[in-house]
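Please read the structure below before turning to the comments.
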């Protein structure tokens, strides 16, 4: 589906293909893919908004579900494309949230999280935004799932980290 959209797109296109087989969130299997549009994976409220891009959508969704089971009101938004960015969806999600986290399998500078911070910089609402990803200069190697855990990007680690951020709001 994304390949067909990329072929039809005028201008350069980059498609990232993970080397490992990836699990898909159930509600993404029959989605309609649109360049520049994000999609809602979970919506139990807007205390915490998790924005995710790429292969980490399953881990972010699982983390959101676990937080919701603990009583937190959570929204998880997935972005299959980051340029153009779905500015309207991000701004609307930010307006009422108490905390926003971006999640990406990328360095934390110059990526998706940086684009979100830039987009939100002129808004009057001032909820904290945390960029979760890989620190620049990281050189750890190993099996994929172990690396996600090491860098704090597995569902378990995301749940722990985001819950810590929630507790620090008080």
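In the numbering used here, the protein residues as written are -6 to 163. Every residue, glycine too, gets a C-beta built ideally from N, C-alpha and C. All figures in this text were calculated on a predicted structure; none of them were measured in a lab.
What three-state label does DSSP hand residue i in the structure shown?
{"i": "residue 46", "result": "strand"}
{"i": "residue 68", "result": "strand"}
{"i": "residue 160", "result": "helix"}
{"i": "residue 100", "result": "strand"}
{"i": "residue 28", "result": "coil"}
{"i": "residue 126", "result": "strand"}
{"i": "residue 146", "result": "coil"}
{"i": "residue 95", "result": "strand"}
{"i": "residue 36", "result": "strand"}
{"i": "residue 51", "result": "helix"}
{"i": "residue 41", "result": "strand"}
{"i": "residue 135", "result": "coil"}
Buried or exposed: where does residue i fall if 16 or more other Cβ atoms within 10 Å of its Cβ makes it buried?
{"i": "residue 68", "result": "buried"}
{"i": "residue 127", "result": "buried"}
{"i": "residue 50", "result": "buried"}
{"i": "residue 1", "result": "exposed"}
{"i": "residue 55", "result": "buried"}
Excluding the five sequence neighbours on either side, which residues of its own chain have a C-beta within less than 7 Å of the C-beta of residue i, listed in chain order?
{"i": "residue 74", "result": "28 and 29"}
{"i": "residue 154", "result": "125 and 145"}
{"i": "residue 58", "result": "35"}
{"i": "residue 60", "result": "41, 67, 152, 155 and 156"}
Taking the alpha-carbon of residue i as reference, which of the options has the nearest alpha-carbon?
{"i": "residue 165", "options": "108, 150, 65 and 80", "result": "Past the edges of the chain, shown from -6 to 163, lies residue 165, and the structure says nothing about it."}
{"i": "residue 112", "options": "125, 133 and 76", "result": "76"}
{"i": "residue 161", "options": "136, 134, 122 and 131", "result": "122"}
{"i": "residue 115", "options": "94, 131, 92 and 80", "result": "80"}
{"i": "residue 158", "options": "118, 37, 94 and 54", "result": "94"}
{"i": "residue 88", "options": "39, 64, 63 and 55", "result": "39"}
{"i": "residue 85", "options": "48, 3, 65 and 117", "result": "117"}
Ignore the nearest five residues each way along the sequence and tell me which others in residue i's own chain have a CB closer than 8 Å to its CB.
{"i": "residue 83", "result": "31, 44, 70, 109, 112 and 113"}
{"i": "residue 143", "result": "133 and 135"}
{"i": "residue -2", "result": "26, 27 and 28"}
Taking CB distances under 8 Å as the criterion, tell me whether residue i reaches chain C.
{"i": "residue 81", "result": "In summary, chain C is missing from the structure at hand, where a single protein chain is found."}
Within the same chain, show all residues whose beta-carbon is closer than 6 Å to that of residue i, passing over the 5 residues directly before and after it, in chain order.
{"i": "residue 129", "result": "100 and 102"}
{"i": "residue 141", "result": "147"}
{"i": "residue 46", "result": "72, 75, 97 and 105"}
{"i": "residue 78", "result": "108"}
{"i": "residue 90", "result": "39, 42 and 120"}
Since residue i and residue j should fall inside the 8 Å C-beta cutoff, what is the C-beta to C-beta distance between them, to a whole number of angstroms?
{"i": "residue 52", "j": "residue 148", "result": "4 Å"}
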